[in-house]
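The block underneath contains the structure these notes are about, expressed in structure tokens.
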């Protein structure tokens, strides 16, 4: 049996009613004419999406980004040093 296709706007409105307006899943399901399980799935998905938007998650992402940038700087400095040695070698050969 194929499920109904709901617009993203509709899903967003239902989820907002539960998460932001404190409606229960059961009440939202009844008010919007959607099954409880469907509302629960939408709410769970949105909670997962929002959980990455906490200050702690942003700080962890920023630290990871800084570590990656520092790693890349070291790599570029090593490549630069190698190219300087190559340039000096070829300059002596001429």
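Numbering (the working numbering), first residue to last: 19 to 112. No residue lacks a Cβ here, since even glycine has one placed at the ideal position from N, Cα and C. A quick note: this is a predicted structure, and the numbers were derived from the prediction, not measured.
Apart from the five residues just before and just after residue 19, which ones in its own chain have a Cβ nearer than 6 Å to its Cβ?
-> Here residue 19 refers to the residue found at position 1 when the chain shown is read from its first residue. Only weak support is given to the placement of residue 19: the predicted model assigns it a pLDDT of 42, under 50, and the question is left unresolved by the model.
Would you kindly work out how many angstroms separate the C-alpha atoms of residue 29 and residue 60, rounded to a whole number?
-> The residue you call residue 29 lines up with position 11 of the chain shown. The residue you call residue 60 lines up with position 42 of the chain shown. Spanning the two alpha carbons is a distance of roughly 7 Å.
Assumed close pair residue 75, residue 69 - CB separation to whole angstroms, cut-off 8 Å = As a first step, residue 75 must be located in the chain shown, where it is residue number 57. As a first step, residue 69 must be located in the chain shown, where it is residue number 51. With 8 Å as the limit, residue 75 and residue 69 qualify as a contact, their Cβ atoms being about 7 Å apart.
Residue 43 and residue 58: beta carbons closer than 7 Å?
-> Counted from its first residue, the chain shown places residue 43 at position 25. Counted from its first residue, the chain shown places residue 58 at position 40. Going by C-beta atoms, residue 43 is nearer than 7 Å to residue 58.
If we ignore side chains and look at the alpha-carbon of each, how far apart do residue 32 and residue 55 end up?
-> Looking up residue 32 in the chain shown gives position 14. Looking up residue 55 in the chain shown gives position 37. Residue 55 has its alpha-carbon roughly 13 Å from the corresponding atom of residue 32.
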